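Colleague:
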Amino acid sequence: MVVHELSEEQVNKVFRALADATRRDIVRRTLHAEVSITDLASSYDMSFAAVQKHVAALEAAGLVRKIARGRERIVRGQPDTIRHAQELLTSLEDIWRQRISRLDDFLADEAP
């Protein structure tokens, strides 16, 4: 069972984006509530511009969405993208579990 609702390129973007701890934290925070980029920037020991770059990478990967509200930019997590990535990981886990099960069966048949 392989679930592919993201293109190979999109999957690569998602996992590259999630490889960074700050980006994972931004995703976690924005899945719970909408957060302005200004509020995000005040939470990290980096420049506003650096936080904007992190948000841009997450947006390119489809993990967050930026919404203009007046002069503010609000960031909202995109749970569907996380769900698709989780489904992909689950399908890979299933493949490995099947392989281990076949190996277990083989070893059980070979045992005296």
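For the sequence shown, the residue numbers in the numbering used here are 582 to 693. Every residue gets a Cβ at the ideal spot worked out from N, C-alpha and C, and that includes glycine. Keep in mind it's a predicted model, so treat the numbers as computed, not measured.
#1: What is the DSSP secondary structure of A649, counted as helix, strand or coil?
#2: What is the DSSP secondary structure of M582, reduced to helix, strand or coil?
#3: Quick check on DSSP: helix, strand or coil for S623?
#4: Consult DSSP for S617 and reduce its assignment to one of helix, strand or coil.
#5: To the nearest angstrom, how far is the alpha carbon of R605 from that of A598?
#6: Below 7 Å between beta carbons: does that hold for E615 and R657?
Modeller: For this structure:
#1: Position 68 of the sequence shown, counted from the first residue, corresponds to residue 649. DSSP places A649 in strand when its eight states are reduced to three.
#2: By 1-based counting over the sequence shown, the position of residue 582 is 1. Bear in mind that the predicted position of M582 carries a pLDDT of just 37, short of 50, making it too unreliable to give a figure here.
#3: Locating residue 623 in the sequence shown gives position 42, where the first residue counts as 1. In this structure, S623 counts as helix in the three-state DSSP scheme.
#4: As a position in the sequence shown, residue 617 is number 36, starting the count at 1. Strand, per DSSP.
#5: On the sequence shown, position 24 is the one that residue 605 refers to. On the sequence shown, position 17 is the one that residue 598 refers to. Roughly 8 Å separates the two Cα atoms.
#6: Position 34 of the sequence shown, counting from 1, holds the residue named residue 615. Position 76 of the sequence shown, counting from 1, holds the residue named residue 657. Yes; because the gap between Cβ atoms is below 7 Å, this pair is in contact.
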